[in-house]
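Participant: Residue numbers (mature numbering (1 follows the signal peptide of the UniProt record, and there is no 0)): -26 to -1, 1 to 232.
One structure is given below, represented as structure tokens, and several questions about it will come after.
Listed below in structure tokens is the structure:
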């Protein structure tokens, strides 16, 4: 009984800490999801900082033309390996709306590390007007908001294909094997060599999709590594506590006649 209780407790902590996946509903029939092995998988998985930085570059040079990242501040980039001077330099490349000033007017200034990364549109209405009536979704929590997380994002980014002959495509739609209904309004965002990686990594569509998927997972769950470390510590504590409890039980009952 005690062993079963301990096992159940450990399992619960493992799921809570993100050490093992929780059950998910079956994927929609017909959706093709490509499952990759990610650096964050498993008990001791962690972010690949180089890949996450490359993913941030893909976001800046490709995705940010349409999608915001409103819950991420420039200073948060320290978590993925950027130093203070690099963060200041990145932030200064953006114009941020501030104010009001002494005249009661809003004004533009270079970004600061404390600012959140500005989006491409001043508000959701402007975003919708520029995109056929529907605003592109914010990407801050996308990796957690969609079932499949990084697998889902990667699959959509690499899932563009020519539609089957018997498939009726609506106007201004694109066929995507990983998207519900196989029709997506977003045109294929990635093309080979669309970015030039500073570390020399070849910028294939698959590579860029992997990198930006990892960056968006970090954006959605920046404390993932800390949660895993906490979960492991809790499990180790429970193992030690169980051993001590068993030893105490044996000592207490050692002199009791059977």
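Even glycine gets a Cβ: it sits at the ideal position worked out from N, Cα and C.
(1) Please list the segments of the alpha helix (DSSP H) lying wholly inside the segment 84 to 157, counting only runs of 4 or more residues, in order along the chain.
(2) Might you give, ordered along the chain, the residues of its own chain that have their beta carbon closer than 8 Å to the beta carbon of residue 130, omitting 5 neighbours on each side?
(3) What residue does the beta strand (DSSP E) around residue 26 start on, and which one ends it?
(4) Over what stretch of residues does the beta strand (DSSP E) that includes residue 72 continue unbroken?
(5) Taking just the CA atoms, how far does residue 85 sit from residue 143?
(6) Taking residue 71 as the reference, which of 96, 33, 62 has the closest Cα?
(7) Can you tell me where the alpha helix (DSSP H) with residue 79 in it begins and where it stops?
(8) So, with DSSP's three-state summary, where would you put residue 236?
(9) Thinking residue 87 and residue 49 are a contact (beta carbons under 8 Å), I'd like their distance in whole angstroms, please.
(10) Is the separation between the beta-carbon of residue 186 and that of residue 32 shorter than 8 Å?
(11) Quick one: what does DSSP say residue 47 is sitting in, helix, strand or coil?
(12) What does a CB cutoff of less than 6 Å around residue 120 pick up in its chain, not counting 5 residues either side in sequence?
(13) Is DSSP giving residue 188 helix, strand or coil here?
(14) Suppose contacts are defined by Cβ-Cβ distances below 8 Å. Is residue 112 in contact with residue 11 by that definition?
(15) Who are the Cβ neighbours of residue 214 in its own chain at under 8 Å, not counting the five residues just before and after it?
(16) Can you tell me the Cα-Cα spacing of residue 30 and residue 18, whole angstroms?
(17) Select from 155, 26, 83 the residue whose C-alpha is nearest the C-alpha of residue 4.
(18) Please identify the residue among 9, 57, 118, 26 whose C-alpha is closest to the C-alpha of residue 175.
(19) Could you check the C-alpha separation between residue -6 and residue 63 for me, to the nearest Å?
(20) Measuring only the C-alpha atoms, how far is residue 44 from residue 212?
Facilitator: Based on what the coordinates show:
(1) Entirely contained in the segment 84 to 157, the alpha helix (DSSP H) runs reaching 4 residues are, in chain order, 98 to 103, 116 to 119, 124 to 131.
(2) As a first step, residue 130 must be located in the chain shown, where it is residue number 156. For residue 130, where only same-chain residues beyond five positions count, the Cβ hits under 8 Å are 150, 152, 153, 158.
(3) Taking the first residue of the chain shown as 1, we reach residue 26 at position 52. Counted as a single uninterrupted DSSP element, the stretch harbouring residue 26 is not any beta strand (DSSP E) but the alpha helix (DSSP H) occupying residues 23 to 35.
(4) Here residue 72 refers to the residue found at position 98 when the chain shown is read from its first residue. Unbroken beta strand (DSSP E) run through residue 72: 69 to 72.
(5) Within the chain shown, numbered from 1, the residue matching residue 143 stands at position 169. Within the chain shown, numbered from 1, the residue matching residue 85 stands at position 111. In this structure, the alpha-carbon of residue 143 lies about 42 Å from that of residue 85.
(6) As a position in the chain shown, residue 71 is number 97, starting the count at 1. Distances from the alpha-carbon of residue 71 to those of 96, 33, 62 put 96 closest.
(7) For the purposes of this step, residue 79 is taken as residue 105 along the chain shown, with counting starting at 1. Bounds of any alpha helix (DSSP H) do not take in residue 79, whose DSSP letter is neither H nor E.
(8) What the structure shows of the chain is the stretch from -26 to 232, and residue 236 is not part of that stretch, so it cannot be assessed.
(9) The sequence position of residue 87 within the chain shown is 113, counting from 1. The sequence position of residue 49 within the chain shown is 75, counting from 1. About 4 Å separates the beta carbons of residue 87 and residue 49, which is inside the 8 Å limit, making them a contact pair.
(10) For the purposes of this step, residue 186 is taken as the residue at position 212 of the chain shown. For the purposes of this step, residue 32 is taken as the residue at position 58 of the chain shown. A Cβ-Cβ contact shorter than 8 Å links residue 186 with residue 32.
(11) As a working mapping, residue 47 is identified with position 73 in the chain shown. It is a strand residue.
(12) Mapped onto the chain shown, residue 120 falls at position 146. Taking residue 120 as the centre and dropping the five residues before and after it, the same chain places the C-beta of 126 closer than 6 Å to its C-beta, in chain order.
(13) On the chain shown, residue 188 is found 214 positions in, with the first residue counted as 1. Looking at residue 188 - three-state DSSP - the assignment turns out to be helix.
(14) Locating residue 112 in the chain shown gives position 138, counting from the first residue. Locating residue 11 in the chain shown gives position 37, counting from the first residue. No, the pair does not count as a contact, with Cβ atoms beyond the cut-off.
(15) Working through the chain shown from its first residue, we reach residue 214 at position 240. There are no such residues.
(16) Within the chain shown, the letter at position 56 stands for residue 30. Within the chain shown, the letter at position 44 stands for residue 18. Going from the Cα of residue 30 to the Cα of residue 18 covers about 23 Å.
(17) Along the chain shown, read from residue 1 onward, the residue named residue 4 stands at position 30. Answer by Cα proximity: 155.
(18) Translated into positions along the chain shown, residue 175 becomes position 201. Selected option, being the one with the closest Cα: 26.
(19) The residue you call residue -6 lines up with position 21 of the chain shown. The residue you call residue 63 lines up with position 89 of the chain shown. Unreliable placement is indicated for residue -6, whose pLDDT of 38 sits below 50; the coordinate value is still reported in the next sentence. Going from the Cα of residue -6 to the Cα of residue 63 covers about 38 Å.
(20) Position 70 of the chain shown holds residue 44. Position 238 of the chain shown holds residue 212. Rounded to the nearest angstrom, the two C-alpha atoms are 39 Å apart.
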